[in-house]
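What follows is a single structure, written as structure tokens, with notes after it.
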Amino acid sequence: MIPVLDGKRLLQDLEKLAEIGAGRGGGIDRVAYSPADSEARAWVEARMHELGLEVTADEAGNSSGLYPGQMSHLSPIALGSHTDTVPDGGRYDGALGVLAGLACVRALREDEVHLRRPVEVINFAAEEATMGGTLGSRAVAGLLNPRAVERMAWDGRPVADHLREAGLDPATIVQARRPKGSLAAYLELHVEQGGVLDAADVPVGVVEGIVGIRRYTVIFQGYANHAGTTPMQARRDALVMAAPFILIVRDIAVALGIVGTIGTLRLEPGAPNVIPGRVDLGIEIRGLSEADLDGAEEELTHEAQKVGAEFVVVSRKPPVQSDSRLLGALVMACDELRLPYQRMPSGAGHDAMCIASIAPQAMLFVPSRGGVSHSPDEYTDPESCVVGAQVLLGALLKLDASLDA
């Protein structure tokens, strides 16, 4: 017997969870480790207990529920995401993945089905960038620097303060680490947060990988001088020097099929009556191919050197490719449900990119109306939410049957 997912209950759970941290303007405020975040986590854990799951919480605040399998010695297949939000965020980002995981387990339990492997539903803590980003899943994957708790959170206070207020010990957060192989696989359902699926009217995105992110600062040195008395031909205006580089970033990104953004622009001394003597451009590029990112970095470095600018590498985060077996399970689940799908990268970071360090992972997307996310206007229609959960359940069943084949 194939378990049947209760879509109506999933939608009811989404509505109920959205009441926690709800603001007057329609947004959700469940910033990590806040009282609203803790309330939401407790609500999810209560749903896990209702399903008879073995519920645990770790040192980072991640919580999980384990549904037993026929062979208890096998490592579980995990489903999950997060329920924390950005300030004044949306009701689907993260929450759909956690509640869809519970819906899958509910379908198994109501039909009295136990898979070969246990199934674990994980609600990761602090996925959003308010605490630095993917803090909970980094802790689980052993990627978290212990000093990360000393960094400033979104409100200017140390992350450690937020942990203490939530009843957690900052000194022990790294003890949430799990060994490689402790999860047999990890699947995450998420709203796309972009507009590709919505524009193409495609119900499901099969995520081939999560893009790598590289950030740079390019520094242009001119000469600050009086803006009223210095003739145009005698100026060494750093902003004029930097201006062509803005278009260069765009052109390189377009040529290589990646995305490039100049998100910060700092002028010194920054007065209306002074010619800019120095300009710092903050640049970010994202792409799924390491070779494309290398190529873009090489070209950007060359263009900066041509005009005498200093090119500084700030950070490099490599792309994460999805596991081919998990991708195959998602595709087969779509085919069985006769759902069109589109293979695509994830342009945003997710917990899955961290879990990839300890287990095979893959993601699926459902459309975000208008490509809007991290906003009170974030919306994914009910049918898409249920369809995503059905694909997740189908892929879970196929993985359980094939992982050890």
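Numbering (the numbering used here), first residue to last: 14 to 418. All C-beta atoms, glycine included, are put in the ideal place defined by N, C-alpha and C. Just so we're clear, the structure is a prediction, and the values are computed from it rather than from any experiment.
For L280, there is no enclosing alpha helix (DSSP H); the residue is part of the beta strand (DSSP E) that begins and ends at V272 to E281.
Non-local beta-carbon contacts of P282 in its own chain, meaning distances under 7 Å to residues more than five positions away in sequence, involve A237 and G290 in chain order.
Rounded to whole angstroms, the gap between the alpha carbons of L280 and T230 is 13 Å. Listed as beta-bridge partners of S76 by DSSP are A70 and N136. Scanning A139, V219, E349 and C117 for the CA closest to the CA of R22 turns up C117. DSSP places S51 within a helical segment (H, G or I) once states are collapsed to three. Contact between the region 44-51 and the region 126-136 is not established, with fewer than three Cβ pairs separated by less than 8 Å. As summarised for the region 134-197, the continuous alpha helix (DSSP H) elements at least 4 residues long and confined to that stretch are 148-154 and 172-178, given in chain order. Of the candidates Q83, L202, I368 and A266, the residue whose Cα lies closest to the Cα of A108 is L202.
The continuous beta strand (DSSP E) containing T230 extends over residues G225 to Q234. For the set L200, R129 and S76, the Cα lying nearest the Cα of H62 is the one of S76. In the structure shown, I296 falls within a strand segment according to DSSP collapsed to helix, strand and coil. Just measuring C-alpha positions, the residue of R54, L66 and A91 sitting nearest I371 is A91. Between G194 and E349, the alpha-carbon positions lie close to 29 Å from each other. Residues of the same chain with a CB within less than 8 Å of the CB of L64, apart from the 5 flanking positions on each side, are G78, Y80, L115, V118, R119 and R122 in chain order. Taking C-beta atoms as the reference points, A161 and G180 fail to come closer than 8 Å. By the CB criterion at 8 Å, P358 and L301 fall inside the cutoff. 8 Å or more divides the Cβ of V187 from the Cβ of A139. If you ignore the 5 residues before and after T96, its C-beta comes within less than 8 Å of the C-beta of L30, R43, D50, A53, R54, V57, G107, A108, V111 and N136, all in its own chain and listed in chain order. According to the DSSP assignment, G110 belongs to the alpha helix (DSSP H) that extends over A108 to E123.
Residue pairing by DSSP puts K330 in a beta bridge opposite I226.
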